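Asks: First residue of the sequence shown? That's 231 in my numbering, and the numbers climb one at a time after it.
Even for Gly, the Cβ is constructed at its ideal location relative to N, Cα and C.
No experiment lies behind these values; they were computed from the predicted model shown.
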Amino acid sequence: MQGLIHLYFGDGKGKTTAAVGLSVRAAGAGKRVLFAQFLKDGSSSELNVLRALQNVEVACCTQNFGFFKAMDGQTKAAAQKAYSALLEDVMRKSADGVDLFVLDEAVAACNHGLIEEATLIDFLRGRPKALEVVLTGRDPSQHLLDAADYVTEMRKRKHPFDRGIAARRGVEF
Numbered sequence: 231m232q233g234l235i236h237l238y239f240g241d242g243k244g245k246t247t248a249a250v251g252l253s254v255r256a257a258g259a260g261k262r263v264l265f266a267q268f269l270k271d272g273s274s275s276e277l278n279v280l281r282a283l284q285n286v287e288v289a290c291c292t293q294n295f296g297f298f299k300a301m302d303g304q305t306k307a308a309a310q311k312a313y314s315a316l317l318e319d320v321m322r323k324s325a326d327g328v329d330l331f332v333l334d335e336a337v338a339a340c341n342h343g344l345i346e347e348a349t350l351i352d353f354l355r356g357r358p359k360a361l362e363v364v365l366t367g368r369d370p371s372q373h374l375l376d377a378a379d380y381v382t383e384m385r386k387r388k389h390p391f392d393r394g395i396a397a398r399r400g401v402e403f
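(1) Short check: CB of V381 to CB of L237, under 8 Å?
(2) Taking 8 Å as the threshold (C-beta atoms), are A266 and V332 in contact?
(3) Using the three-state DSSP reduction, which class does I235 fall into: helix, strand or coil?
(4) Compare the C-alpha of Q367 against each of I345, Q293, D241 and name the closest.
(5) Alpha carbon to alpha carbon, how far is M301 from F295? Give it in angstroms, no decimals.
(6) Given a cut-off of 8 Å, decide if Q232 and A360 are closer than it, judged by their beta-carbon atoms.
Structure follows, in structure tokens:
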């Protein structure tokens, strides 16, 4: 089976949720899943379920660098080093019998210069033929849009955050 590339992007809620749902579906079908998460510290509730599944591996940076806009130069450099190392590690692991490879928030990591988009594009072009890949994040470049087979935009029409309601554990994270 030919692996395809999925891109879930936009300012609406549901990008990671869609990637998690596809991961659970693939795991339920006996497929091996590698779920890599960028720009998050590995504490989101959905990761607890993924980690409990036998054929799912979760990879993330456990250091919390905070929001990109609040990072100083030293923190940005540390984040770039950590996320670039994470990307290299999971790209290498993905060639070892993985069926579904999720790169959650990789689009945002590219946009902020924390991982190299050229490295990601080269990987997508040279990946194993059967490897299904999911990318999530806001504002993908035209290169990423062109590389994807499925492109789904999540658009925010209304969100409680706009009324000052903070993200809730078990719903938004």
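Replies: According to the structure shown:
(1) yes
(2) yes
(3) strand
(4) The sequence given here has Gly at residue 367, not Gln. When each option's Cα is compared against that of G367, the closest is D241.
(5) 7 Å
(6) yes
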